[in-house]
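Reviewing the structure listed below.
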């Protein structure tokens, strides 16, 4: 058999092996909730992109959800291509090796070597498990999943290659035998299609529970309430598939620079002294007119009480929060000790919804949403060099929420009949001062030249937004530019900070155009 045919057989066998490995990974994810490179490779690579590059890519592919889909699809296709290349490598060596040599070569090159490389490359995200096992256990399970996947590749490659190139026993050893590669390739290709069909069914199942339908859910407009219903609370997630945590295996660890590391199961956490606290959360990428902001009443325990139980060491400067989905973020130690910083397990009187972090998440008032880590599983006391997922990308350095305000009603470019307008137009919206509250809201109908105080209908607390309204009675027909501004509870007027990068959250004023005619 010619070397060209050997390489061709290797390419086909490797592609089929790559397909089988991909299906095995989908099964591990679907049945056992084990993280695989199909997903966590994207998490590992995304920290290498700057926010500028991230937004450029997102714009090129049509949004964050499309970027997730492209990432997972590329990973699956890439595994099949790399598998085919691996098959060609195997085909170039196998004819010159004994059976024992082939076995040693295939196990070393296609199981042990990729396991070592994958462990080194993916180490920071191996602690992912979508049922919520503690990080150490999750790491072992992920490594076991990798080992199973690579072994499935190696066995499929070897057996497929041998099936394409083997010599029947009835053929004399000195006879130049050319096996019916085309027929065998057809049979193996059919087997590959069957495997692909099963994989597609599993992929459809995973797609049905993916985050594409709700990632980026916003809350704004005329239906906004003082306290946001759980099902309408804004949602942002980096995940393709969010965790569905089993509370019986979940643990909250307090580790790092502590004298007495602590572990709390869900029942133990709920038995600690608790409190209720109304707090508003806003995403760092929320636009001036957007709705990535919501308000809820949270129930949980102070992070301070958890840290004090563990005995923090004196040189601790930052606290790194870990989610079961390998998401991390950091806050200063003094912020973690703030009595308003919580680990919560209820939202508006109900258990945390799955997409909002069940069984527990962090609440860090006055900081952007990325700090309010969902599905929290570890609180790690660290030094000043500790960084989180988005911090490593280059977001920040300022993560405190600047004073913001928004007009929800009427909508931008609204047209109102003059007769109707003369009876008054109800203008209303929200204002948010981080953890400083809101003391005053003003509205301007002439693009900010003159201001009139609006009515605060729901003042909230220092940790929440305020809801405001204004009875606007335009005197004449024409085009109007409505602008809103707020003053926080400490008397600081909302302003545009030209020195603040979008990576620290944009500032400015929301304005809308209204035509009265």
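Residue numbers (the working numbering): 19 to 535. Glycine included, every Cβ here is placed at the ideal spot set by N, Cα and C.
Counting only runs of 3+ residues fully inside the region 442-487, write out the beta strand (DSSP E) ranges in chain order.
As far as the region 442-487 is concerned, its whole beta strand (DSSP E) runs of at least 3 residues are 443-450, 456-462, 473-476.
Can you name the start and end residues of the beta strand (DSSP E) that residue 316 belongs to?
Here residue 316 is taken as the residue at index 298 of the chain shown, counted from 1. That run of the beta strand (DSSP E) goes 311-320.
In angstroms, rounded to a whole number, what distance separates the CA positions of residue 269 and residue 149?
Working through the chain shown from its first residue, we reach residue 269 at position 251. Working through the chain shown from its first residue, we reach residue 149 at position 131. About 11 Å.
Using CA coordinates, which residue listed in 520, 374, 515 is at the minimum distance from residue 314?
Counted from its first residue, the chain shown places residue 314 at position 296. If we check each option's Cα against that of residue 314, 374 comes out closest.
Since residue 529 is in the beta strand (DSSP E), which residue starts that stretch and which ends it?
Position 511 of the chain shown, counting from 1, holds the residue named residue 529. Residues 529-534.
For residue 506, which beta-bridge partners are listed by DSSP?
Translated into positions along the chain shown, residue 506 becomes position 488. Answer by DSSP bridge pairing, in chain order: 456.
Let me know if residue 453 comes out buried or exposed under the rule of 16 or more other beta-carbons within 10 Å of its beta-carbon.
Position 435 of the chain shown, counted from the start, is the residue given in the question as residue 453. Its Cβ being crowded by 16 or more others within 10 Å, residue 453 is buried.
On the three-state DSSP scale, how would you describe residue 409?
Numbered from 1 along the chain shown, position 391 holds the residue referred to as residue 409. Residue 409: helix per DSSP, three-state reduction.
Could you tell me if residue 17 is buried or exposed, where buried requires 16 or more neighbouring beta carbons within 10 angstroms of its beta carbon?
Outside the modelled stretch of the chain, which goes from 19 to 535, sits residue 17, for which no answer is possible.
Nearest-angstrom Cβ-Cβ length linking residue 4 and residue 68, presumed shorter than 8 Å
No statement about residue 4 is possible, as the shown extent of the chain runs from 19 to 535 and does not include it.
Looking at the unbroken alpha helix (DSSP H) that takes in residue 179, where does it start and where does it end?
As a position in the chain shown, residue 179 is number 161, starting the count at 1. Per DSSP, residue 179 belongs to the alpha helix (DSSP H) from 153-183.
Closer than 6 Å by C-beta to residue 229: which residues in its own chain qualify, once you throw out the five before and the five after it? Chain order, please.
By one-based count along the chain shown, residue 229 stands at place 211. Cβ within range, chain order: 255, 257, 260.
Find the nearest neighbour of residue 292 within the set 239, 364, 387, judged by alpha-carbon distance.
In the chain shown, the residue the question calls residue 292 occupies position 274. Among 239, 364, 387, the Cα nearest to that of residue 292 is on 364.
Could you give the first and the last residue of the continuous beta strand (DSSP E) run that contains residue 270?
The residue you call residue 270 lines up with position 252 of the chain shown. Per DSSP, residue 270 belongs to the beta strand (DSSP E) from 270-274.
Let me make sure I understand the geometry here. Which of 530, 534, 62 has the alpha-carbon closest to that of residue 410?
Sequence index remark: in the chain shown, residue 410 carries index 392 (1-based). Comparing Cα positions, the closest option is 62.
When the Cα atoms are used, what is the spatial distance from residue 248 to residue 352?
What you label residue 248 is simply residue 230 of the chain shown in a count that begins at 1. What you label residue 352 is simply residue 334 of the chain shown in a count that begins at 1. Near 30 Å, if we compare the C-alpha coordinates of residue 352 and residue 248.
Sorted by chain position, which residues of the same chain lie with C-beta nearer than 6 Å to residue 530's C-beta, five sequence neighbours on each side aside?
As a working mapping, residue 530 is identified with position 512 in the chain shown. Closer than 6 Å at Cβ, skipping near neighbours: 425, 430, 500.
Per-residue burial, residue 284 [other beta carbons within 10 Å of its own, 16 or more giving buried]
Taking the chain shown and counting its residues from 1, one reaches residue 284 at position 266. Burial call: buried.
Work out the CA separation of residue 360 and residue 321 for me, nearest whole Å.
Taking the first residue of the chain shown as 1, we reach residue 321 at position 303. Taking the first residue of the chain shown as 1, we reach residue 360 at position 342. Their Cα atoms are separated by approximately 5 Å.
Nearest candidate by alpha-carbon position, reference residue 117, set 162, 101, 177, 169:
As a first step, residue 117 is located in the chain shown; it is residue number 99 there, counting from the start. Nearest option by C-alpha distance: 177.
How would you write the range of the beta strand (DSSP E) that residue 252 sits in, first residue to last?
For the purposes of this step, residue 252 is identified with residue 234 of the chain shown, where counting begins at 1. Looking at the DSSP string, residue 252 is not in any beta strand (DSSP E), and its letter there is neither H nor E.
For residue 183, does the count of other Cβ atoms within 10 angstroms reach 16, so buried, or fall short, so exposed?
Here residue 183 refers to the residue found at position 165 of the chain shown. Buried is the call here.
Can you list, in chain order, the residues of its chain whose CB lies under 8 Å from that of residue 402, leaving out five sequence neighbours each side?
The residue you call residue 402 lines up with position 384 of the chain shown. If we look at residue 402 and ignore the five residues flanking it on each side, its Cβ neighbours are 335, 336.
Could you check if residue 55 is buried or exposed, using at least 16 other CB atoms within 10 Å of its CB as the buried criterion?
As a first step, residue 55 must be located in the chain shown, where it is residue number 37. It is buried - the Cβ of residue 55 has at least 16 other Cβ atoms within 10 Å.
Is the Cβ-Cβ distance between residue 506 and residue 451 less than 9 Å?
Residue 506 sits at position 488 when you count from the first residue of the chain shown. Residue 451 sits at position 433 when you count from the first residue of the chain shown. Contact: yes.
Hey, residue 142 and residue 43: beta-carbon distance below 9 Å or not?
Locating residue 142 in the chain shown gives position 124, counting from the first residue. Locating residue 43 in the chain shown gives position 25, counting from the first residue. Going by C-beta atoms, residue 142 is not nearer than 9 Å to residue 43.
Going by beta-carbon coordinates alone, are residue 303 and residue 251 separated by less than 9 Å?
Numbered from 1 along the chain shown, position 285 holds the residue referred to as residue 303. Numbered from 1 along the chain shown, position 233 holds the residue referred to as residue 251. Not closer than 9 Å, so no.
Residue 443 versus residue 48 - alpha carbon distance
What you label residue 443 is simply residue 425 of the chain shown in a count that begins at 1. What you label residue 48 is simply residue 30 of the chain shown in a count that begins at 1. So the two alpha carbons sit approximately 53 Å from each other.
With H, G and I counted as helix, E and B as strand and the rest as coil, what does DSSP make of residue 239?
Here residue 239 corresponds to residue number 221 of the chain shown, with the count starting at 1. Here residue 239 sits in coil by DSSP.
If you drop the 5 nearest sequence neighbours on each side, which residues of the same chain put their C-beta closer than 8 Å to that of residue 82?
Translated into the one-based positions of the chain shown, residue 82 becomes position 64. Taken in chain order, the residues that qualify are 76, 233, 234.
List the whole-angstrom C-beta distance separating residue 128 from residue 171, where the pair is believed to meet the contact cut-off of C-beta under 8 Å.
Taking the first residue of the chain shown as position 1, residue 128 is located at position 110. Taking the first residue of the chain shown as position 1, residue 171 is located at position 153. At roughly 6 Å, the Cβ-Cβ gap stays under 8 Å, so residue 128 and residue 171 are in contact.
Starting from residue 433, trace the beta strand (DSSP E) in both directions and tell me its first and last residue.
For the purposes of this step, residue 433 is taken as the residue at position 415 of the chain shown. Unbroken beta strand (DSSP E) run through residue 433: 432-434.
The region 30-40 / the region 94-105 touching (three or more Cβ pairs under 8 Å)
Here the region 30-40 lies against the region 94-105, with 3 or more beta-carbon pairs under 8 Å apart.
Answer yes or no: do residue 486 and residue 502 have a C-beta to C-beta separation smaller than 9 Å?
As a working mapping, residue 486 is identified with position 468 in the chain shown. As a working mapping, residue 502 is identified with position 484 in the chain shown. The Cβ atoms of residue 486 and residue 502 sit closer than 9 Å to each other.
What span of residues does the beta strand (DSSP E) with residue 422 cover, start to end?
Within the chain shown, numbered from 1, the residue matching residue 422 stands at position 404. Residue 422 -> beta strand (DSSP E) spans 422-427.
Looking at C-alpha atoms only, which residue of 525, 130, 84, 51 is the closest neighbour of residue 420?
Translated into positions along the chain shown, residue 420 becomes position 402. Taking only the C-alpha atoms, the option nearest residue 420 is 525.
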